[in-house]
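The next block holds one structure in the form of structure tokens; read it before the comments.
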Amino acid sequence: MNLQINQGQINETYELKLTGEVDAYTAPKLKEVMLPLTEIEGNVVIVDLSGIEYMDSTGLGIFVGALKSSKANNSSLKLRGMTERVKRIFEITGLTEVMDIESGVKGEAL
-18 MNLQINQGQI
-8 NETYELKLTG
2 EVDAYTAPKL
12 KEVMLPLTEI
22 EGNVVIVDLS
32 GIEYMDSTGL
42 GIFVGALKSS
52 KANNSSLKLR
62 GMTERVKRIF
72 EITGLTEVMD
82 IESGVKGEAL
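Going by the working numbering, 90 is the number at position 109 of the sequence shown; the sequence numbering is gapless.
Structure below.
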């Protein structure tokens, strides 16, 4: 399965709504879209993961890289709408302790 990324913007707030799978095949596409947004000071990047059916360690690595970039560039990265399956992956790796994860909040359709 592929990864679809729908992007919306209001001022310095960007919302990425992801649908499909984030794995070794699709992760470069996500990195190409998300990382530049975290490199701009003051940006808020909200990633809606409610449509993600599967994520592997490559996908987690993209989020770790984006978190590091956001901290280095004084921007903000927030995750929302995780399915229980995806949230479990973040919990097992300890990323729920360091990432801004909104529970039970889904963004408006883009």
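The beta carbon of each residue, even a glycine, is placed where N, CA and C say it ideally should be.
What is the rounded straight-line gap between the Cα of residue i and the Cα of residue j?
i	j	result
Thr64	Asp81	16 angstroms
Tyr35	Leu(-3)	17 angstroms
Gly46	Leu16	8 angstroms
Gly62	Ile33	9 angstroms
Leu41	Glu78	14 angstroms
Ser54	Thr19	Rather than Ser, the amino acid found at residue 54 in this sequence is Asn. Going by the C-alpha atoms only, they are around 7 angstroms apart.
Ser50	Val26	12 angstroms
Which residues does DSSP list as the beta-bridge partners of residue i?
i	result
Thr0	Gln(-15), Gly32
Val25	Thr(-6), Ser57
Ile82	Leu60
Got a sec, what are the start and stop residues for the alpha helix (DSSP H) residue i sits in?
i	result
Thr19	8 to 19
Compare the Cα-Cα distances from residue i to each of the options and report the closest residue.
i	options	result
Ile43	Val79, Lys10, Ile(-9)	Lys10
Thr7	Val28, Asp37, Glu(-7), Ser56	Asp37
Lys52	Ile21, Glu(-4), Tyr(-5), Leu(-1)	Ile21
Leu76	Gln(-15), Asn(-13), Leu48, Thr0	Leu48
Ser31	Glu2, Asn(-8), Gln(-10), Thr74	Glu2
Leu58	Asn24, Val67, Arg66	Asn24
Leu(-1)	Leu60, Gln(-15), Glu72	Gln(-15)
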